[in-house]
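A.B. asks:
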Amino acid sequence: MSFTEVLRKTWRDNLLFSVLVELTYRCNLDCFFCYNDLALRGEPMSTEEYFRLFEELRDLEVLNLTLSGGEPLAHPDFLKLGARARELGFVVRIKSNGHALRGEMARRLRDEVDPFLIEVSLHGSTAATHDRQTRVPGSFERLLSNLREVLDLGMRVKINSTLTCWNEDEAEGMLDLADSFGLQIQIDPEVTPRDDGDREPLSVAPSREGVHRLFALQARRAVEAGANLLIAHGADDGTLPAPVEKHCGAGSAGIAVDPYGNVYPCVQWRRPVGNLHHQSIGEIWTGSTDLREVREITAGAKRIVDGYGPSGSFLNFCPGSAATRTGDPLEIYPEAVLRMEETEKAFGEERKKILLPILP
Amino acid sequence: MTPLDGRSVLKPASDVRFRIVDREAVVVRQRDSEVLVMSDVAARLLALADGVRPVDAWLDVLVEEYEVDRGTLERDVLQFAAELAEQGILEVADR
Chain A
0 MSFTEVLRKT
10 WRDNLLFSVL
20 VELTYRCNLD
30 CFFCYNDLAL
40 RGEPMSTEEY
50 FRLFEELRDL
60 EVLNLTLSGG
70 EPLAHPDFLK
80 LGARARELGF
90 VVRIKSNGHA
100 LRGEMARRLR
110 DEVDPFLIEV
120 SLHGSTAATH
130 DRQTRVPGSF
140 ERLLSNLREV
150 LDLGMRVKIN
160 STLTCWNEDE
170 AEGMLDLADS
180 FGLQIQIDPE
190 VTPRDDGDRE
200 PLSVAPSREG
210 VHRLFALQAR
220 RAVEAGANLL
230 IAHGADDGTL
240 PAPVEKHCGA
250 GSAGIAVDPY
260 GNVYPCVQWR
270 RPVGNLHHQS
280 IGEIWTGSTD
290 LREVREITAG
300 AKRIVDGYGP
310 SGSFLNFCPG
320 SAATRTGDPL
330 EIYPEAVLRM
340 EETEKAFGEE
350 RKKILLPILP
Chain B
0 MTPLDGRSVL
10 KPASDVRFRI
20 VDREAVVVRQ
30 RDSEVLVMSD
40 VAARLLALAD
50 GVRPVDAWLD
60 VLVEEYEVDR
70 GTLERDVLQF
80 AAELAEQGIL
90 EVADR
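Quick look at the structure:
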């Protein structure tokens, strides 16, 4: 069996394979467009509950465990939780803003957690733009300094960025910056509403021209070959979509857990399907009627996206985002259509040669 | 590497992570950023290589699972374990 076949099997047979855990919503930055629902309240998961969850996930043969937030390093037991995840044999990914990745924390992260990958956020190619988005002066310079330190320690890092109207003129600068560190960068051209549906972040959504320029830039770099380039497309565990009868692995091969034990089909699909204070993950996974419905919706989403023909892949349609934006997880929202049209335009024939081999 | 025998104690290499999916092993070698999918036999050996039990103890388990005589099983298991060790997936545990 190839790895693609394994992924296909996890999607088709509902084998939990990847879990994203938001350890806390605390954060040392204050990004304007942060998608977390900071007003959400509940009983935080205790460290012991996380240990039990991790053990159960190990028993369910979950391979990928992403520790996220908020800022995961802000959780008081982050290192303890990360070390336990390592001990239990997970491929651990950390999604961090990078602000605290320095000194003893960085060294202990490497030695005690040994993550497969650290994903950090970059918001511009200049301090003025990056710091404007994080609303913390000095955060850009500190990120660059921390990146150098983390790379010197031998850890693997990827840069994530979201295109906004504030940084869209710096897209090339961000790609160049990533290149200067020898790092892969993924720029998502879509700002999403907050998890509670608040649309305020959309006020900094990139312009259509900005999205077009990004795609044109990526197309040019792709043609030049060898550039660090990705169009945001794929799951949080880094896996690409598996060619099965579902649009995505939300609720079929992956789930997300918030700091209060609420379980969701995906980090972007905030439809609660259970709570870990009351049920085990195994009970939720096999018994939740909401999850069953989510799996049916992802099958329906595939049929809808397939209706767009080969271009459908470029919608990068997300049922979770659709649910937040429109209330209907099957409604194709305008930003997805814009992405498809601009990708088509920018990549033209070159795009087919470059991207079709990796798309479902 | 010292040749393996029934007293050898093995464990997954420190950069190796694996899970069993549908009886096959999905193995991630973190250092090389490589994913391998390995047979059900490899999956079984990885699960038994706990850094505590010697290969002889694996044979006690496996002889119940496979219809094969112990001598043949021992030869095959040692050979396969040696291959996994050569690939950097298993390593000899400190005792």
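Residue numbers (numbering that gives the first Met the number 0), protein chains in the order written: chain A, 0 to 359; chain B, 0 to 94.
For glycine and all other residues, C-beta sits at the position ideal for the given N, C-alpha and C.
Since we're looking at a predicted model, the values are computed, not measured.
(1) What span of residues does the beta strand (DSSP E) with A:K245 cover, start to end?
(2) State the start and end residues of the unbroken alpha helix (DSSP H) segment that holds A:F139.
(3) Closest Cβ-Cβ distance between A:I280 and chain B: below 9 Å?
(4) Along the chain, where does the alpha helix (DSSP H) containing B:V34 start, and where does it finish?
(5) Kindly confirm or deny that the segment 81 to 89 of chain A and the segment 34 to 43 of chain A touch, where touching means at least three C-beta pairs closer than 8 Å.
(6) Is the Cβ-Cβ distance between A:W165 and A:R131 less than 9 Å?
(7) Would B:D59 count as contacting chain A if we go by Cβ distances under 9 Å?
(8) Note down, in chain order, each residue of its chain lying with its Cβ closer than 7 Å to the Cβ of B:A48, except the 5 sequence neighbours on either side.
(9) So what does B:L9 bridge to, in DSSP terms?
(10) According to DSSP, is A:Y49 part of a helix, a strand, or is it coil?
(11) Should the segment 121 to 136 of chain A be regarded as contacting the segment 175 to 184 of chain A, the criterion being three or more beta carbon pairs within less than 8 Å?
(12) Nearest by alpha-carbon distance to A:D305: which of A:L329, A:G88, A:P258, A:G69 is it?
(13) List, in order along the chain, the chain A residues whose C-beta lies closer than 7 Å to that of B:A36?
(14) Here's a check: name, in chain order, each residue in its chain whose Cβ is nearer than 6 Å to the Cβ of B:R6, leaving out the five neighbours to either side.
(15) Quick check on DSSP: helix, strand or coil for A:I254?
(16) According to DSSP, is A:T297 part of a helix, a strand, or is it coil?
(17) Distance, Cα to Cα, B:L77 vs B:V34?
(18) My assumption, with CB atoms under 8 Å, is that A:V262 sits in contact with A:I296. Please give the rounded CB distance.
(19) Is the CB-CB distance between A:L72 and A:M104 below 9 Å?
(20) Taking its Cβ as the centre, do 16 or more other Cβ atoms sit within 10 Å of A:S17, making it buried, or is it exposed?
(21) Can you find a CB in chain B that lies within less than 9 Å of the CB of A:W10?
(22) Thinking C-beta only, is A:N63 closer than 9 Å to A:R92?
(23) Listed in chain order, which residues of the segment 89 to 120 of chain A have Cβ atoms closer than 8 Å to some Cβ of chain B?
(24) Please report whether the beta-carbon of B:Q78 lies at a distance below 9 Å from any beta-carbon of chain A.
(25) Identify whether A:P188 lies in helix, strand or coil by the three-state DSSP scheme.
(26) Would DSSP call A:E118 helix, strand or coil?
(27) Just the chain A side, please: which residues come within less than 7 Å of B:D93 by C-beta, in chain order?
(28) Opposite A:Q217 in the DSSP bridges: which residues?
(29) First and last residue of the alpha helix (DSSP H) that includes A:I331?
(30) CB B:A41 to CB B:V26, shorter than 9 Å?
(31) Which one of B:A80, B:L83, B:L58, B:T1 has the shortest CA to CA distance from B:G70?
(32) Could you check whether the Cβ of A:V272 sits closer than 9 Å to any Cβ belonging to chain B?
(33) May I ask you to report which of helix, strand or coil DSSP gives B:D66?
(34) Any beta-carbon of chain B closer than 9 Å to the one on A:E244?
(35) Give me, in chain order, the residues of the same chain whose beta-carbon lies closer than 7 Å to that of B:E23; leave out the 5 immediate sequence neighbours on both sides.
(36) Check whether the Cβ of A:E60 lies closer than 9 Å to any Cβ atom in chain B.
C.D. replies: If we stick to the structure as given:
(1) In the DSSP annotation of this structure, A:K245 is not part of any beta strand (DSSP E), being labelled neither H nor E.
(2) Per DSSP, the continuous alpha helix (DSSP H) segment holding A:F139 begins and ends at 138 to 151.
(3) So no, A:I280 is outside the interface.
(4) Element bounds for B:V34: not the alpha helix (DSSP H) but the beta strand (DSSP E), 33 to 37.
(5) Inter-segment contact for the segment 81 to 89 of chain A and the segment 34 to 43 of chain A is absent: fewer than three beta-carbon pairs are separated by less than 8 Å.
(6) Cβ atoms of A:W165 and A:R131: closer than 9 Å.
(7) Between B:D59 and chain A, the shortest Cβ-Cβ separation is not below 9 Å.
(8) Contacts found: L9, K10, P11, L89.
(9) Answer by DSSP bridge pairing, in chain order: B:V91.
(10) In the structure shown, A:Y49 sits in a helix (DSSP, three-state: H, G or I).
(11) In short, these stretches touch, since the Cβ pair count reaches three.
(12) With respect to the C-alpha of A:D305, the residue from A:L329, A:G88, A:P258, A:G69 having the closest C-alpha is A:L329.
(13) According to the sequence provided, residue 36 of chain B is Val. The question's Ala does not apply to it. Listed along the chain, the chain A residues whose CB falls inside 7 Å of the CB of B:V36 are M0, S1, F2, V5.
(14) Same-chain partners within the cutoff: P53.
(15) DSSP places A:I254 in strand when its eight states are reduced to three.
(16) Under the three-state reduction of DSSP output, A:T297 falls in the helix class.
(17) Cα to Cα, the separation comes out at about 24 Å.
(18) Between A:I296 and A:V262 the Cβ distance is about 16 Å, and since that is not below 8 Å, they are no contact.
(19) Yes, Cβ-Cβ distance for A:L72 and A:M104 is below 9 Å.
(20) Sixteen is the threshold: when 16 or more other Cβ atoms of the shown chains lie within 10 Å of the Cβ of A:S17, as they do, the residue is buried.
(21) The C-beta of A:W10 comes no closer than 9 Å to any C-beta of chain B.
(22) In contact: A:R92 and A:N63 (Cβ atoms closer than 9 Å).
(23) Answer set for the segment 89 to 120 of chain A: F89, V90, D113, F115.
(24) By this cut-off, B:Q78 is not an interface position.
(25) Reduced to three states, the DSSP call for A:P188 is coil.
(26) Shown here, A:E118 sits in a strand according to DSSP, grouped into three states.
(27) The premise fails here: B:D93 is roughly 17 Å from chain A at the closest Cβ pair, so nothing lies under 7 Å.
(28) By DSSP's assignment, A:Q217 forms no beta bridge with any residue.
(29) It is not in any alpha helix (DSSP H) - A:I331 carries neither H nor E in the DSSP assignment.
(30) Closer than 9 Å, so yes.
(31) That would be B:L58, whose Cα lies nearest to the Cα of B:G70.
(32) Cβ-Cβ to chain B under 9 Å: no for A:V272.
(33) Correcting the residue identity first, residue 66 of chain B is Glu in this sequence and not Asp. Of the three classes helix, strand and coil, the one that applies to B:E66 here is coil, per DSSP.
(34) So, not an interface residue.
(35) V36, M37, S38, D39, A42.
(36) Output row for A:E60: interface = yes.
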